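Going letter by letter, the sequence shown gives residues 1313 to 1373 in the numbering used here. By construction, the Cβ of each residue, glycine as well, lies at the ideal position given by its N, Cα and C atoms. Predicted model, so just to flag it, every value in this text is computed and none were measured. So the structure is just underneath, and the comments pick up after that.
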Amino acid sequence: MNKLHRLEFPALKTVEKKELRTLYIDADEDHVALQYLEKKGDIRNPRINTVMPWIIYVYEG
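Quick look at the structure:
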């Protein structure tokens, strides 16, 4: 099973936070043509050989 039983993180010292005037967030989908799903030659129907991953950019302005 893929489980995390316990995580421990060290306490971080607080630093003064920077104020941002503008934070930009761009989100989009991209069409990616697959060569195969699990093994070469397993895609018979050409309409199912595309996936659409989400792309998100976050940057300050």
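Strand pairing of residue i, partner residues [DSSP]
| i | result |
| --- | --- |
| T1362 | A1345 |
| E1372 | L1335 |
| D1340 | I1367 |
Selection from the options that minimises the alpha carbon distance to residue i
| i | options | result |
| --- | --- | --- |
| H1343 | I1367, K1330, Y1371, D1354 | I1367 |
| P1365 | K1352, G1353, E1341, E1350 | E1341 |
Proximity of residue i and residue j at Cβ, strictly below 8 Å
| i | j | result |
| --- | --- | --- |
| G1373 | R1318 | no |
| V1362 | A1345 | One point to set straight first is that residue 1362 is Thr, not Val, in the sequence displayed. Yes, they are a contact pair. |
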